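Notes follow once the structure below has been shown.
In my numbering, the protein residues as written are 4 to 144.
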């Protein structure tokens, strides 16, 4: 029987059966403790600043456990200590959704715990003909 039942049960308080004797198990034991992604980000779905998938994140903090951050952010700081990783790599290493990682990185960036190297937008890159002229000029030397 599903709990709570959808029909009225006569002879019981308020028409519902008493709670089950043992707790209802919502997931199997192999899954471990489950936390919804919005609980990790305190309900936020967008970071304060946009993060590209290939933006590189690095930190120099020797012991992130002393900082007032959550366990997921400590894990981010530990894997990025002295090792630049992209946002996509961080999400894959921690097995967290990309949106959650972006929000957590936004918090770390606001607290100045990480440095982010963003890729150069294609519009700001030099045109191919300029690079070819530079190559021709170097060959002429």
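Where is the CB? At the ideal position from N, CA and C, for every residue including glycine. No experiment lies behind these values; they were computed from the predicted model shown.
Other residues of its chain near residue i: CB distance less than 6 Å, five sequence neighbours each side excluded
i: residue 94; result: 101, 104
i: residue 118; result: 61
i: residue 44; result: 103, 106
i: residue 47; result: 106
i: residue 120; result: 59
Secondary structure of residue i, DSSP reduced to three states
i: residue 105; result: helix
Minimum C-alpha distance to residue i - residue among the options
i: residue 86; options: 99, 68, 59; result: 59
i: residue 123; options: 49, 50, 55; result: 55
i: residue 109; options: 131, 24, 38, 50; result: 50
i: residue 41; options: 129, 99, 91, 130; result: 99
Opposing strand residues paired with residue i [DSSP bridges]
i: residue 62; result: 84
i: residue 39; result: None; residue 39 has no bridge partner.
i: residue 119; result: 60
Own chain partners of residue i with C-beta closer than 8 Å, once the 5 adjacent residues on each side are dropped
i: residue 97; result: 75, 78, 79, 82, 104
i: residue 89; result: 56, 57, 58, 59, 60
i: residue 64; result: 70, 80, 84, 116
i: residue 182; result: For the chain, the structure presents residues 4 to 144; residue 182 sits outside this window and is missing.
i: residue 125; result: none
i: residue 68; result: 77
Residue-level contact to chain D via CB, residue i, 8 Å cutoff
i: residue 82; result: The structure shown contains no chain D; it is built from a single protein chain.
Same chain, Cβ closer than 7 Å to residue i, five either side skipped, listed in chain order
i: residue 52; result: 109, 112
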